[in-house]
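Asks: First the structure, then my questions, so here it is.
Protein chains: 2
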Amino acid sequence: MSAAGAPAGRTPETATCIPGRIGVVGLGLIGGSFARAWHEAGFEVFAWNRTRDILDLARIDVVDGELTDDVLPTCELVVLTTYPEHSVQWLRDRAHLVSPGALVIDACGVKRTVCDQCWEIAAGRPWTFVGAHPMAGTQHSGYARSRADMFQGAPMVLCPSPDLKDLDRLELLSRLVGLLRPVGFGRFSVTTPEEHDRLIAHTSQLAHVVSNAYVKSPAAQEHRGYSAGSWRDLTRVADLNAPMWTELFLENRDNLVAELELVIGHLSEYRDALQDADAERLERLLQEGTDLKRRADLPHPKEA
Amino acid sequence: MSAAGAPAGRTPETATCIPGRIGVVGLGLIGGSFARAWHEAGFEVFAWNRTRDILDLARIDVVDGELTDDVLPTCELVVLTTYPEHSVQWLRDRAHLVSPGALVIDACGVKRTVCDQCWEIAAGRPWTFVGAHPMAGTQHSGYARSRADMFQGAPMVLCPSPDLKDLDRLELLSRLVGLLRPVGFGRFSVTTPEEHDRLIAHTSQLAHVVSNAYVKSPAAQEHRGYSAGSWRDLTRVADLNAPMWTELFLENRDNLVAELELVIGHLSEYRDALQDADAERLERLLQEGTDLKRRADLPHPKEA
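Protein chains in written order, with the UniProt record's numbering: chain H, 1 to 304; chain U, 1 to 304.
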């Protein structure tokens with residue numbers, strides 16, 4: 001139950017927090033997995049959860065105690081893992097309790113609205129908010145499906161405030177990465193909320209919408225015996241948490257609408273070529289997609 | 001190299017074929033995997049391939065010899081695994097060489113055109129053609145990627161001629177299943193070419209088109225560091241054999257166009273709800289897809 005073995009972290013001299021003590025807000029799939037991973041790595045983990053029963057369950061073997069208003073000022077890192085609007089409100093209500101020198105991150109799937117509001121809440125306070133989005137998860141939700149290895153090898157996207165000076169930014173990110181690495185992340189990307197939201201609309205949000213739309217064909221109900229890996233993969237994330245994704249989609253609707261327009265436009269091209277029985281055009285469309293998939297999977301120049 | 005251990009098969013008394021001797025036409029991903037699986041199960045396998053070098057390679061450890069015009073009359077089962085038009089032409093050219101009592105199947109992803117033509121070729125001859133579609137494969141192609149366990153647990157769809165009388169049909173299917181089971185198939189479905197093509201347009205063909213269209217967003221080229229399982233799954237089959245799928249899509253274009261119209265229509269509904277910022281409508285659309293996915297994954301009533 002001690003932070004022995006955990007990196008001490010570099011906290012300012014004004015700090016009142018205990019190095020390596022983590023506060024996790026929300027014990028769902030993501031929050032539960034964070035709590036498990038840090039617990040296994042030897043960190044002290046305190047948690048807040050809307051419902052009491054899950055918190056009691058987690059306290060048996062994962063969580064050291066409740067993240068009360070008394071404990072919050074002692075945490076070096078606080079992770080907000082509830083829905084976007086709730087995460088912002090939780091932080092707003094307790095902004096005065098966060099320790100000087102502490103770091104606060106979120107785990108929301110959209111970054112513009114969350115970062116704008118949380119940076120505003122943190123403005124003039126002695127702690128720092130960094131937008132964060134762990135690129136992991138499953139089609140399931142809830143604490144019961146959380147796993148200590150959820151983030152093993154996964155990418156983590158970080159959005160530090162543009163107001164930070166270069167050196168502060170570097171020191172902050174290095175300290176944050178030091179606290180996050182024990183959770184298992186395989187790589188860290190640093191970007192702006194705008195860039196994050198543009199890319200995530202394609203890599204994650206569109207995937208869920210397309211998958212959810214895919215199963216609406218009546219033939220989907222007769223797939224057994226006639227389907228293999230491609231149907232399974234295309235429809236895996238069709239089963240989703242509708243209220244959560246509704247909130248995430250609406251907070252990124254400009255980007256998601258643009259992605260939907262693109263894919264609808266491209267699908268219409270194949271349909272037209274098929275309707276015209278134009279083999280040459282159809283094969284060209286398919287070859288273009290094949291070439292783009294292969295190019296997308298080459299190491300990105302930015303990785304060098 | 002003998003058929004020892006292989007089921008003898010029930011061949012008519014007029015048969016000139018050797019029980020358990022298999023002819024495989026085409027040593028690509030599917031043909032190569034069939035050859036490997038039957039070879040491992042103790043069957044004698046003879047193969048035909050367009051190019052000599054792959055055949056020579058396969059003869060080292062998988063194939064017992066070349067499927068020449070001299071060997072063809074001795075095969076109990078012939079499997080056509082090349083593209084649809086080629087499979088039909090290969091059979092047409094050698095219809096007079098197939099042994100009395102022998103079974104001929106194909107492995108094409110479309111069944112209407114292939115079955116119609118092959119049943120016509122078989123009409124009045126002493127052997128039987130059954131349409132077949134193994135529901136397996138990977139995004140890769142070619143003999144080099146073939147595997148003996150490719151069909152392990154996979155579904156196999158069979159389309160026997162509607163002209164067969166009930167008892168003949170039952171005996172035929174039981175003999176064919178006996179020859180196919182050692183390859184590893186986990187379940188067999190018997191249906192009509194029309195029903196097969198309708199379902200396959202959804203479960204396989206649409207998946208390839210959607211995946212291929214998905215990667216055409218410019219954001220796909222920047223996915224690294226911002227993507228996880230959902231992007232990987234949605235785009236896995238985007239990398240495809242364009243000439244092969246062009247032929248398969250065109251031979252099933254009525255069904256595939258209908259599936260494309262459906263998914264384009266559904267995607268447009270999410271887009272409209274997003275554009276109107278209509279949370280209630282968006283959540284209802286997402287919940288509908290979630291419910292349909294869950295229902296589709298329940299055991300099908302027909303399975304009882």
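C-beta atoms are modelled at their ideal positions from N, C-alpha and C, and glycine is treated no differently.
At a threshold of 7 Å, does residue 282 of chain U count as lining the ligand FAD (C-beta to nearest heavy atom)?
Replies: Of the ligands one can find in the structure shown there are none, so the ligand FAD has no counterpart to examine.
Asks: Say whether chain U places a C-beta atom closer than 8 Å to the C-beta of residue 290 of chain H.
Replies: Cβ-Cβ to chain U under 8 Å: yes for residue 290 of chain H.
Asks: Could you pull out every unbroken beta strand (DSSP E) segment of at least 3 residues lying fully inside the region 66-99 of chain U, listed in chain order?
Replies: List check, beta strand (DSSP E) in window: 75-80.
Asks: Check whether the Cβ of residue 296 of chain U lies closer than 8 Å to any Cβ atom in chain H.
Replies: Chain H, which has a Cβ nearer than 8 Å to the Cβ of residue 296 of chain U, makes this yes.
Asks: Please report the distance separating the alpha-carbon of residue 194 of chain U from that of residue 230 of chain U.
Replies: Going by the C-alpha atoms only, they are around 32 Å apart.
Asks: Select from the region 128-143 of chain H all residues with a C-beta closer than 8 Å to any C-beta belonging to chain U, and list them in chain order.
Replies: Correct list: 135, 136, 137, 138.
Asks: With 8 Å as the C-beta to C-beta threshold (strictly closer), list the residues of the region 101-116 of chain H near chain U in chain order.
Replies: Listed in sequence order: no entries.
Asks: Taking C-beta pairs closer than 7 Å, name the residues in chain U that residue 185 of chain H reaches, listed in chain order.
Replies: Correct list: empty, because the minimum Cβ distance to chain U is about 11 Å.
Asks: Decide if residue 99 of chain U is buried, meaning its Cβ has at least 16 other Cβ atoms within 10 Å, or exposed.
Replies: That one is buried.
Asks: Rounded to whole angstroms, what is the Cα-Cα separation between residue 215 of chain H and residue 102 of chain U?
Replies: Rounded to the nearest angstrom, the two C-alpha atoms are 40 Å apart.
Asks: Could you say which of U:256, U:292, U:120, U:217 lies nearest to residue 324 of chain H if we only look at CA atoms?
Replies: Nothing about residue 324 of chain H can be reported from this structure: the residues present for chain H run from 1 to 304 only.
Asks: So which residues of chain U does residue 293 of chain H contact, with C-beta pairs closer than 7 Å?
Replies: The answer, in chain order, is 215, 235, 238, 239.
Asks: Which residues in chain H have a C-beta closer than 9 Å to the C-beta of residue 259 of chain U? List them in chain order.
Replies: Within 9 Å Cβ-Cβ: 217, 219.
Asks: Within a Cβ cutoff of 6 Å, which residues of the same chain sit near residue 126 of chain H, ignoring the five residues on either side of it in sequence?
Replies: Cβ within range, chain order: 100.
Asks: What residues in its chain sit with their C-beta under 8 Å from that of residue 58 of chain U, if we drop five residues either side in the sequence?
Replies: Here the set comprises 27, 32, 35, 47, 49, 143.
Asks: If you draw a straight line from the C-alpha of residue 252 of chain H to the C-alpha of residue 271 of chain U, how long is it?
Replies: C-alpha separation (whole angstroms): 12 Å.
Asks: Identify the continuous alpha helix (DSSP H) that holds residue 40 of chain H and give its terminal residues.
Replies: Per DSSP, residue 40 of chain H belongs to the alpha helix (DSSP H) from 29-40.
Asks: So is residue 83 of chain U in contact with chain H if we call contact Cβ pairs under 8 Å?
Replies: No, residue 83 of chain U does not count as interfacial toward chain H.
Asks: Counting Cβ pairs, one atom from each stretch, are 3 or more of them under 8 Å apart for the region 140-155 of chain H and the region 183-191 of chain H?
Replies: Output reads yes: the region 183-191 of chain H touches the region 140-155 of chain H.
Asks: With residue 272 of chain H as the anchor, note down where its alpha helix (DSSP H) starts and where it stops.
Replies: Looking at the DSSP string, the run of the alpha helix (DSSP H) that includes residue 272 of chain H is 253-275.
Asks: Residue 292 of chain H and residue 246 of chain U - do their beta-carbons sit closer together than 8 Å?
Replies: No; because the gap between Cβ atoms is not below 8 Å, this pair is not in contact.
Asks: List the DSSP bridge partners of residue 133 of chain U.
Replies: DSSP lists U:157 as partners of residue 133 of chain U.
Asks: Mind the definition here: the region 83-90 of chain U touches the region 62-74 of chain U only if three or more C-beta pairs lie below 8 Å; say whether that holds.
Replies: At 8 Å Cβ cutoff, the stretches do not touch.
Asks: Based on Cα-Cα distance, which residue from H:39, H:43, H:135, H:37 lies nearest to residue 19 of chain H?
Replies: It is H:43.
Asks: DSSP three-state call for residue 242 of chain U: helix, strand or coil?
Replies: Residue state, collapsed to three classes: helix.
Asks: Helix or strand or just coil, what does DSSP make of residue 114 of chain U?
Replies: Residue 114 of chain U falls in the helix class under three-state DSSP.
Asks: In three-state terms, what does DSSP make of residue 163 of chain U?
Replies: DSSP places residue 163 of chain U in coil when its eight states are reduced to three.
Asks: Confirm, please, whether the CB-CB distance from residue 79 of chain H to residue 105 of chain H is below 8 Å.
Replies: Yes, the Cβ-Cβ distance between residue 105 of chain H and residue 79 of chain H is below 8 Å.
Asks: From residue 170 of chain U to residue 273 of chain U, what does the alpha carbon distance come to, in whole angstroms?
Replies: Going from the Cα of residue 170 of chain U to the Cα of residue 273 of chain U covers about 52 Å.
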